[in-house]
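So the structure is just underneath, and the comments pick up after that.
In the working numbering, the protein residues as written are 1 to 32.
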């Protein structure tokens with residue numbers, strides 16, 4: 001059970017990082 005929870009947390013963190021990167025890229029494109 002514990003391993004599953006850790007995996008879920010890692011996946012959520014990765015998704016958040018991807019979303020942040022995408023927003024940063026779109027914002028820089030809009031600025032340019």
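Backbone N, C-alpha and C fix where the C-beta goes; we use that ideal spot for every residue, glycine too.
Computed from a predicted model, the values in this text were never measured in an experiment.
task: Measure the C-alpha to C-alpha separation of residue 30 and residue 19 and round it to an integer number of angstroms.
output: 16 Å
- prompt: In angstroms, rounded to a whole number, what distance separates the CA positions of residue 17 and residue 25?
  reply: 12 Å
- request: Following the continuous alpha helix (DSSP H) through residue 18, name the residue where it begins and the one where it ends.
  value: 2 to 31
task: Have a look at residue 1 and residue 32 and give me their C-alpha separation to the nearest angstrom.
output: 47 Å
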